[in-house]
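When the letters of the sequence shown are read in order and numbered with UniProt numbering, they come out as residues 1 to 351. Cβ coordinates follow ideal geometry from the N, Cα and C atoms, glycine included. As structure tokens, the structure follows; a few thoughts come after it.
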Amino acid sequence: MTEYNKNILICGGSGFIGSNFVRFIYNKYPNYRIFNLDLLTYAGNPENLSDIEAMEVKKDVSQKRYHFIRGDICDNTLLANIFNKNNFDTVINFAAESHVDRSFVNVFDFIRTNIEGVRSLIEAVRSHKIARFIQISTDEIYGSVSNGFSTEEAPFRPSNPYAASKAAADLLVQSYIKTHRVAALIIRGSNNYGPFQYPEKFIPLAVSNIIEDKKVPLHGSGEHRRSWLHVDDFCSAIDVIIHKAPNYSIFNVSGEEKTNLEILEIISKNLGRDLRDFKAHTNDRPGADLRYAPDSSKLKSELGWLRQHRVEENLKDVVSWYQNNQDWWRKIKSTKEYMDHYERQVKSEYY
Numbered sequence: 001m002t003e004y005n006k007n008i009l010i011c012g013g014s015g016f017i018g019s020n021f022v023r024f025i026y027n028k029y030p031n032y033r034i035f036n037l038d039l040l041t042y043a044g045n046p047e048n049l050s051d052i053e054a055m056e057v058k059k060d061v062s063q064k065r066y067h068f069i070r071g072d073i074c075d076n077t078l079l080a081n082i083f084n085k086n087n088f089d090t091v092i093n094f095a096a097e098s099h100v101d102r103s104f105v106n107v108f109d110f111i112r113t114n115i116e117g118v119r120s121l122i123e124a125v126r127s128h129k130i131a132r133f134i135q136i137s138t139d140e141i142y143g144s145v146s147n148g149f150s151t152e153e154a155p156f157r158p159s160n161p162y163a164a165s166k167a168a169a170d171l172l173v174q175s176y177i178k179t180h181r182v183a184a185l186i187i188r189g190s191n192n193y194g195p196f197q198y199p200e201k202f203i204p205l206a207v208s209n210i211i212e213d214k215k216v217p218l219h220g221s222g223e224h225r226r227s228w229l230h231v232d233d234f235c236s237a238i239d240v241i242i243h244k245a246p247n248y249s250i251f252n253v254s255g256e257e258k259t260n261l262e263i264l265e266i267i268s269k270n271l272g273r274d275l276r277d278f279k280a281h282t283n284d285r286p287g288a289d290l291r292y293a294p295d296s297s298k299l300k301s302e303l304g305w306l307r308q309h310r311v312e313e314n315l316k317d318v319v320s321w322y323q324n325n326q327d328w329w330r331k332i333k334s335t336k337e338y339m340d341h342y343e344r345q346v347k348s349e350y351y
């Protein structure tokens with residue numbers, strides 16, 4: 001019988017970043033048992049982990065390294081049951097409502113999942129004395145940065161309901177650290193990209209639309225600057241932080257700064273198409289942040305993490321992934337939920 005030396009609960013493990021992290025941990029640590037708690041809302045997709053499910057299906061229960069639990073992180077009864085049955089060493093929370101446009105009209109969903117859900121989770125962590133809790137946060141809490149970079153000590157200036165809900169979650173976690181000494185850490189990522197990203201996000205939307213000969217909605221001038229981080233780099237950063245960082249730490253994880261227009265131009269070139277044929281400028285978001293610029297020098301100096309991917313080079317592989325996995329995203333884009341969202345986005349009906 002296999003002996004597992006760690007039980008990890010990953011919340012939101014069927015979404016984009018969560019599923020990539022499940023796969024990263026599954027492949028790197030053969031003696032870890034992984035539990036994935038996911039409600040499977042519109043962005044949670046069981047097909048994101050079909051390769052792992054296929055490897056696990058024939059195993060005896062005692063030999064399984066991956067376990068899926070469908071459930072809501074706001075469900076306190078469910079959490080108590082899961083925590084009582086399993087001796088978790090680490091709990092990592094990826095579960096979140098994350099699309100800014102949706103936060104303008106569905107703010108309750110963002111408050112419920114991003115704040116109430118974190119409260120339920122960290123309370124369960126506290127009451128069950130879990131060794132380590134990781135809250136996955138975002139650089140959007142810092143708001144727009146005109147000059148310089150945002151360190152982990154920068155003030156919060158969220159400009160939209162999504163960013164505000166994530167900032168509130170950070171503050172809640174920090175309060176549990178101070179009042180209950182919960183062994184928690186906060187990781188603030190930047191704009192992730194890579195395989196299995198729901199095609200409401202800019203890069204998979206751009207790739208899939210160009211393949212379908214559709215225009216690509218571009219907010220405002222397209223000159224908004226973002227820190228673009230390949231999801232594999234983010235996974236490696238989380239891995240280093242989980243295993244090496246002291247409790248109560250906060251780390252930014254930054255990528256490579258480029259404008260949305262520059263990203264679209266790289267994608268167009270990789271698809272052999274002319275950018276001018278596909279860009280479609282739409283109304284800008286209210287209070288749109290012109291630049292995110294997280295500083296991850298702390299992570300590099302204290303833990304030795306270095307980003308391995310460069311946008312210009314790596315987007316070619318990402319574009320190829322979406323070209324070769326059209327069944328995956330075409331199935332999503334054919335749903336009524338997606339089509340209704342896309343129509344509102346194109347018409348700027350979210351604001």
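Discussion item. Restricting to Cα atoms, I'd like to know which of N252, K129, G194 and S103 is closest to S150.
Written reply: N252
Worksheet item: Taking just the CA atoms, how far does N283 sit from K347?
Response: 8 Å
Practice prompt. Return the CA-CA distance between I177 and K258, expressed in angstroms with no decimal places.
Written response: 35 Å
Worksheet item: Between which two residues does the alpha helix (DSSP H) containing I134 stretch?
Response: From DSSP, I134 is part of no alpha helix (DSSP H) but of the beta strand (DSSP E) over R132 to T138.
Item to complete: Could you name the residues of the same chain whose beta carbon sits closer than 7 Å to that of M1, not counting the 5 residues immediately before and after it, in chain order?
Response: Unreliable placement is indicated for M1, whose pLDDT of 42 sits below 50; no coordinate value is reported for it.
Item to complete: Within 10 angstroms of the Cβ of N36, are there 16 or more other Cβ atoms? Answer buried if so, exposed if not.
Response: buried
Worksheet entry | Reduced DSSP secondary structure (H/G/I, E/B, other) of D89 | coil
Worksheet entry | Host alpha helix (DSSP H) of G13 (start-end) | Neither: G13 is in no alpha helix (DSSP H) and is coded neither H nor E.
Practice prompt. Give the secondary structure of W305 by DSSP, where H, G and I count as helix, E and B as strand, and everything else as coil.
Written response: coil
Discussion item. With a threshold of 8 Å, are at least 3 pairs of Cβ atoms found where one atom belongs to the segment 65–75 and the other to the segment 118–127?
Written reply: yes
Discussion item. By the DSSP assignment, the beta strand (DSSP E) with S227 in it spans what residues?
Written reply: R225 to H230
Worksheet item: According to DSSP, is R65 helix, strand or coil?
Response: coil
Worksheet item: Which residue from I130, G13, G255 and L218 puts its Cα closest to that of R181?
Response: I130
Worksheet item: If we count the other Cβ atoms within 10 Å of its Cβ and call it buried at 16 or more, is E200 buried or exposed?
Response: buried
Item to complete: Can you say whether F16 is buried or exposed, counting buried as having 16 or more other CB atoms within 10 angstroms of its CB?
Response: buried
Practice prompt. Would you kindly work out how many angstroms separate the C-alpha atoms of N325 and S127, rounded to a whole number?
Written response: 43 Å
Item to complete: Give a yes or no on whether the C-beta atoms belonging to G255 and S190 are separated by under 9 Å.
Response: yes
Discussion item. Suppose the cutoff is 7 Å on Cβ atoms and the five residues either side in sequence are ignored; what does the same chain contact list for V107 look like?
Written reply: P161
Worksheet item: In this structure, what does DSSP give as the bridge partners for N257?
Response: With the sequence shown as reference, residue 257 is identified as Glu, and Asn is not the correct amino acid for it. Partner(s): S227.
Discussion item. By the three-class DSSP mapping on this structure, what secondary structure does Y32 have?
Written reply: strand
Item to complete: Return the residue from the list S175, G143 and K336 that minimises the CA-CA distance to P294.
Response: G143
Worksheet item: With distances taken between CB atoms, is the gap from A80 to N114 smaller than 9 Å?
Response: no
Worksheet item: Since E152 contacts K300 with CB under 8 Å, what's their CB separation in whole angstroms?
Response: Actually they are not in contact, since the Cβ atoms of E152 and K300 sit about 13 Å apart, beyond 8 Å.
Worksheet entry | With 16 other Cβ atoms within 10 Å as the buried cut-off, status of N84 | exposed
Worksheet entry | Own chain residues within Cβ distance below 7 Å of N314, not counting five before or after | H230
Worksheet item: Quick one: what does DSSP say H219 is sitting in, helix, strand or coil?
Response: strand
Discussion item. I need the DSSP call for M1, collapsed to helix, strand or coil.
Written reply: Low local confidence applies: a pLDDT of 42 at M1 is under 50, so the model's placement there is unreliable, and no value is given.
Worksheet entry | CA-to-CA distance, H309 to L290, given in whole angstroms | 24 Å
Item to complete: Identify whether P294 lies in helix, strand or coil by the three-state DSSP scheme.
Response: strand
Worksheet item: Whose CA, out of K316, D239, R225 and S146, lies closest to the CA of I186?
Response: D239
Practice prompt. Since I believe G44 is in contact with D38 (beta carbons under 8 Å), could you give me their beta-carbon distance rounded to a whole number of angstroms?
Written response: 5 Å
Worksheet entry | residue 372, DSSP secondary structure in three states | Nothing about residue 372 can be reported from this structure: the residues present for the chain run from 1 to 351 only.
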